[in-house]
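Reviewing the structure listed below.
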Amino acid sequence: MASSRPNKLAFLSMQAPAGYVAGLGRGATGFTTRSDIGPAREGPSAETIAAARARRGEDTNDADDDDDERFQDPEEETALFANTVYEKDDEEADRIWESVDRHMDERRRKQREAREAAEREEARKSQPKIQAQFADLKRNLATVSEEEWASLPEPGNLTGKRRKAASLREGRDNRTYAVPDSVLLSARDQAQVSSTAQDDGAVSSLTEIGEARNKVFSHQLDQASSQSAVASSGLSTSIDPTGYLTALSGVSIKSNVEIGDIKKARSLLDSVIKTNPKHAPGWIAAARLEEVAGKMALARKVIAQGCEQCPRSEDVWLESARLNSVENAKVILARAIQYLSQSVNIWLRAMELETDTESKKRVLRKALEHIPDSVKLWKELVNLEEKPDDARVLLAGAVEAVPMSVELWLTLARLSPPAEAKSVLNRARRTVPTSHEIWIAAARLLEEGQEPAERVDKTMAAAVQALRKAGALLSREQWLREAEQVDKEGGPVTCAAIVKATIYLDLDEEDRRRVWLEDAQACLEHGRASTARAILSCALDEYPDALELWKHAAQIERVHGTHESLAALLERGVSQCPHAETLWLFYADERRRANDVPGAREVLSRAFEANLGSEAISLAAATLEADHGEMGAAAALLKRARAEVKTERVWNTSVHLAWRQAHWDEALTLIQEALQRYPASATLHELHGRWHERQNHVAEAREAYAVGRRACPTSVALWIRASRWEEANDSTIRARALLEKARQMLTQDDAIWAESAAIELRAGSAMQAKTLLSRGLQACPTSGRLLSASIWLEPRPSRKTRAAEALRRSGDSPYVITTVARLFWDEGKAAQARDWFSKTVQSAKQWGDGWAWWYLFEGSQPDGEAQRTQLLDKIDLAEPQEGDVWTELRAEPTYATIPARDLLPMAADHIFMTSKKLQEQTNAS
Numbered sequence: 001m002a003s004s005r006p007n008k009l010a011f012l013s014m015q016a017p018a019g020y021v022a023g024l025g026r027g028a029t030g031f032t033t034r035s036d037i038g039p040a041r042e043g044p045s046a047e048t049i050a051a052a053r054a055r056r057g058e059d060t061n062d063a064d065d066d067d068d069e070r071f072q073d074p075e076e077e078t079a080l081f082a083n084t085v086y087e088k089d090d091e092e093a094d095r096i097w098e099s100v101d102r103h104m105d106e107r108r109r110k111q112r113e114a115r116e117a118a119e120r121e122e123a124r125k126s127q128p129k130i131q132a133q134f135a136d137l138k139r140n141l142a143t144v145s146e147e148e149w150a151s152l153p154e155p156g157n158l159t160g161k162r163r164k165a166a167s168l169r170e171g172r173d174n175r176t177y178a179v180p181d182s183v184l185l186s187a188r189d190q191a192q193v194s195s196t197a198q199d200d201g202a203v204s205s206l207t208e209i210g211e212a213r214n215k216v217f218s219h220q221l222d223q224a225s226s227q228s229a230v231a232s233s234g235l236s237t238s239i240d241p242t243g244y245l246t247a248l249s250g251v252s253i254k255s256n257v258e259i260g261d262i263k264k265a266r267s268l269l270d271s272v273i274k275t276n277p278k279h280a281p282g283w284i285a286a287a288r289l290e291e292v293a294g295k296m297a298l299a300r301k302v303i304a305q306g307c308e309q310c311p312r313s314e315d316v317w318l319e320s321a322r323l324n325s326v327e328n329a330k331v332i333l334a335r336a337i338q339y340l341s342q343s344v345n346i347w348l349r350a351m352e353l354e355t356d357t358e359s360k361k362r363v364l365r366k367a368l369e370h371i372p373d374s375v376k377l378w379k380e381l382v383n384l385e386e387k388p389d390d391a392r393v394l395l396a397g398a399v400e401a402v403p404m405s406v407e408l409w410l411t412l413a414r415l416s417p418p419a420e421a422k423s424v425l426n427r428a429r430r431t432v433p434t435s436h437e438i439w440i441a442a443a444r445l446l447e448e449g450q451e452p453a454e455r456v457d458k459t460m461a462a463a464v465q466a467l468r469k470a471g472a473l474l475s476r477e478q479w480l481r482e483a484e485q486v487d488k489e490g491g492p493v494t495c496a497a498i499v500k501a502t503i504y505l506d507l508d509e510e511d512r513r514r515v516w517l518e519d520a521q522a523c524l525e526h527g528r529a530s531t532a533r534a535i536l537s538c539a540l541d542e543y544p545d546a547l548e549l550w551k552h553a554a555q556i557e558r559v560h561g562t563h564e565s566l567a568a569l570l571e572r573g574v575s576q577c578p579h580a581e582t583l584w585l586f587y588a589d590e591r592r593r594a595n596d597v598p599g600a601r602e603v604l605s606r607a608f609e610a611n612l613g614s615e616a617i618s619l620a621a622a623t624l625e626a627d628h629g630e631m632g633a634a635a636a637l638l639k640r641a642r643a644e645v646k647t648e649r650v651w652n653t654s655v656h657l658a659w660r661q662a663h664w665d666e667a668l669t670l671i672q673e674a675l676q677r678y679p680a681s682a683t684l685h686e687l688h689g690r691w692h693e694r695q696n697h698v699a700e701a702r703e704a705y706a707v708g709r710r711a712c713p714t715s716v717a718l719w720i721r722a723s724r725w726e727e728a729n730d731s732t733i734r735a736r737a738l739l740e741k742a743r744q745m746l747t748q749d750d751a752i753w754a755e756s757a758a759i760e761l762r763a764g765s766a767m768q769a770k771t772l773l774s775r776g777l778q779a780c781p782t783s784g785r786l787l788s789a790s791i792w793l794e795p796r797p798s799r800k801t802r803a804a805e806a807l808r809r810s811g812d813s814p815y816v817i818t819t820v821a822r823l824f825w826d827e828g829k830a831a832q833a834r835d836w837f838s839k840t841v842q843s844a845k846q847w848g849d850g851w852a853w854w855y856l857f858e859g860s861q862p863d864g865e866a867q868r869t870q871l872l873d874k875i876d877l878a879e880p881q882e883g884d885v886w887t888e889l890r891a892e893p894t895y896a897t898i899p900a901r902d903l904l905p906m907a908a909d910h911i912f913m914t915s916k917k918l919q920e921q922t923n924a925s
């Protein structure tokens, strides 16, 4: 029954029908191959074709025409298509084909450009430019000192040098050299001496050459003696033979081009002063032109004519006095005063020409007879007085003559005794009611007189009301600038009074808090701490429950105030905000800094009463006791906190305290109990693994980290800690596998990528580390950590370029800024390195590794000890909490609670050893 069934595949063994084309239904087309038609046959020869054409009576030369038709451009439609019409369909088809051609060309262009770029890169590597080959040498030129530059020999022609030196030693060099005639002619032309020349430009005789020499010499003598010439005649009276050669060295020889320019300018200025002789600037320009040309006598003559033509021009008389000698200038200015007795500048110039003080005073008194209301003249006269009493008498007359001058009133008040100064300022205030400077000076006078701050505040409040009534009240920004100026001059009480009286001006109630905080920050940036403190004090009076304002005020007071003022501020703060744990902790820490441990305990006790069950306060109390050796009290506090607070952080601190006392069994018990309560705590799992590391339990530590990774798969610290433990136990392959899994799970975490590259470097595979960093930068393109690590894997000549690129990509990353500082350190540029290390701690004060690098750098400098001391003082205020090395040391219970100034040297040593070892491994690979 099965055999009777038809075979469906029988057609495969049958012969195909005639004309069958496989796949025709799917669009295939038939084609004919050589195997279908048999072997090719040779066609008729050229002679046979020619004979046949001859029998038909055809011209044999037509063959060329046929051949030409074969090579005809298909776009030129002739013959059959000569008369066809080009329709829209044809245009559309052409456009489609053109777009296809452009698309194909674009694809080929990308491939072609990539291929050409690769060829250029290969050519650059195989045949580098000379500039690239010598780039490192050019950079090293920056380190060449001035002494080394000066010791470089001058280039010269050394041909026959030995032979000439031997001749000189033997005394056989008796040759003489004649000065070429061209040198004499050139000197003659440069000295503006004309010569006689023939039509062809050649000198007519040797006699003219001698004349040129004499004229050049006489011209130099005239210029040398012009300094001692008589102004009226311009003739030389004497020549100093000892200083003649020195004078010749200072003679300025004009070139032909300069002489031509001077002649053109002289003709133009002659036209100006002749066309308009009353134009003073024209006379001044003409005189200065002659001065530049070296013709002082002519310059004085020109400016004298200008004084006659423009007697009412102040500038002409001053220019004439400048061009003449001192005695002649006095005569000239005396004539000028006849025309311009109200010119302050002419009187001041006449005063400057006098040599003794009495003569200067006499000139100024004469000037004040003509111009009694000139503040400038009064100031000059007062400055000439040596005794304060005489100056005060002059100022009393000055304020009578110029009652509206605020500057004179303030100067008189400064020179007067306090009692008289008060009356002077009162008179000034009545005379000039629109001056805020007088009110500020009155407040400063009260401050200097040790008056109470309330009286200074009342004075500035009255000033604001009086100025508002007079219509001269300043804006809030202007008053703030005045307060900053007073702060700069050392008047904190007056500064605070100005702020208190004007801080509410031009402000809506809803904007006050924000604007005041911004103003305080701006004043801090300007270095005006007293102004910022005054602003925040007023803001706290307005908003006593604003915790943010209290924090800013406390930070400013810690840096710029005293312990007493900060304690008083924090006492106000905790009374206004009793539930603010931050302020209580800040207050206790300030007492601890002042070595007032009982006071710190008392503050924390009050804080705990106001904030029952507070984790932060309980831990701060336990830490305070542990830091001062009271381990039993600290353990009791933590035990109470574990029962009342019941938070993960309390258990962590308890473990650290037991670890710190080397109570290992107790620490393990606490860890296991805490893990039962908080199984998802990455910190507790890390402590569990580290406890087994401390006991050298390899398998148990590996298992503890594995359990932690399963419970907290996103904990970077657990992955890194586990990989380092495997690496420490000579299982680099396992460490790499762990980091590979971590990278797959935490693709965007730069710490994992950095650790992966670091483990390759420690294994001696720099190329693999560079590859991992490149992949990491693709995932984290702005990571400063990865960019910094990649810089050190570059060749030394290209590190600066990569550092500049890293700065652009990472912004203010402390990793990159520290790397730039280290690059300058490697090049021996200490000033630039110190500047960049300073930028590091300014941009990231909490990054402890930056402080450690700076401390390490200062240890290598001659003047580094003083800088190190300053760093220790600064880091106490900053108290950094971040950084790879810094946090690693802080994780150790031994270093967990020591002050930052004590931890900084240890961190610097750790960084030095780590970087040195890593550099050796990199160089070896």
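Numbering of the sequence shown is given in UniProt numbering, commencing with residue 1 and proceeding in unit increments.
Ideal Cβ placement from N, Cα and C applies to all residues, glycine included.
query	result
Residue 715 beta carbon less than 9 Å from that of residue 736	no
Cα-Cα separation, residue 977 to residue 533	Lying before the first or after the last residue shown, residue 977 is absent from the chain, which here runs from 1 to 925.
Residue of 885, 915, 891 and 892 minimising C-alpha distance to residue 904	885
Exposure of residue 814, with buried meaning 16 or more beta-carbon neighbours within 10 Å	buried
Beta-carbon gap between residue 810 and residue 850 smaller than 9 Å	no
Beta-carbon proximity check, residue 600 vs residue 624, cutoff 9 Å	yes
Per-residue DSSP class, three states only, for residue 542	helix
Simplified DSSP assignment, three categories, for residue 451	coil
Cβ pair count under 8 Å reaching 3, the region 526–540 against the region 476–485	yes
As assigned by DSSP and simplified to three states, the class of residue 437	helix
Cross-strand partners of residue 283 (DSSP beta bridge)	Residue 283 pairs with nothing; no bridge assigned.
Local Cβ density within 10 Å of residue 357, reported as buried at 16 or more and exposed below that	exposed
Burial state of residue 500 (16 or more Cβ within 10 Å)	buried
At least three beta-carbon pairs within less than 8 Å, the region 634–645 to the region 904–917	no
Residues sharing a beta bridge with residue 926, DSSP	Because the chain here runs from 1 to 925, residue 926 falls outside it and cannot be looked at.
Spatial neighbours of residue 123 in its chain, beta-carbon cut-off 7 Å, leaving aside the 5 residues before and after	none
Contact the region 579–597 vs the region 615–633: 3+ CB pairs below 8 Å	yes
Sequence-distant residues of its chain with Cβ nearer than 7 Å to residue 833 (five each side left out)	821, 824, 825 and 857
Status (buried if at least 16 other CB within 10 Å, exposed otherwise) for residue 898	exposed
Own chain residues within Cβ distance below 8 Å of residue 748, not counting five before or after	779 and 780
Assigned secondary structure, residue 18 (DSSP; H/G/I helix, E/B strand, else coil)	coil
Cutoff 9 Å: residue 860 Cβ touching any chain B Cβ	The structure shown has no chain B; it contains just one protein chain.
9 Å Cβ cutoff met for residue 344 and residue 367	yes
Within the region 312–369, ranges of the alpha helix (DSSP H) (whole runs, at least 4 residues)	314–323, 326–339 and 344–353
Alpha-carbon spacing of residue 764 relative to residue 787, whole angstroms	20 Å
7 Å CB neighbourhood of residue 265 in its chain, flanking five on each side removed	289
Straight-line gap, residue 407 to residue 144 (C-alpha atoms, nearest Å)	54 Å
Residue 551 - containing alpha helix (DSSP H), residue span	547–560
Local Cβ density within 10 Å of residue 609, reported as buried at 16 or more and exposed below that	exposed
Residue 299 and residue 323 closer than 9 Å at C-beta	yes
Cβ shell of residue 493 (< 7 Å), same chain only, five flanking positions each side left out	447, 453 and 456
Status (buried if at least 16 other CB within 10 Å, exposed otherwise) for residue 246	Unreliable placement is indicated for residue 246, whose pLDDT of 41 sits below 50; no coordinate value is reported for it.
Beta-carbon proximity list for residue 547, same chain, < 8 Å, skipping 5 on both sides	577, 580, 582 and 583
Short Cβ contact (9 Å threshold) for residue 120 with residue 797	no
Three-way DSSP call (helix, strand, coil) for residue 840 in this model	helix
7 Å CB neighbourhood of residue 679 in its chain, flanking five on each side removed	711
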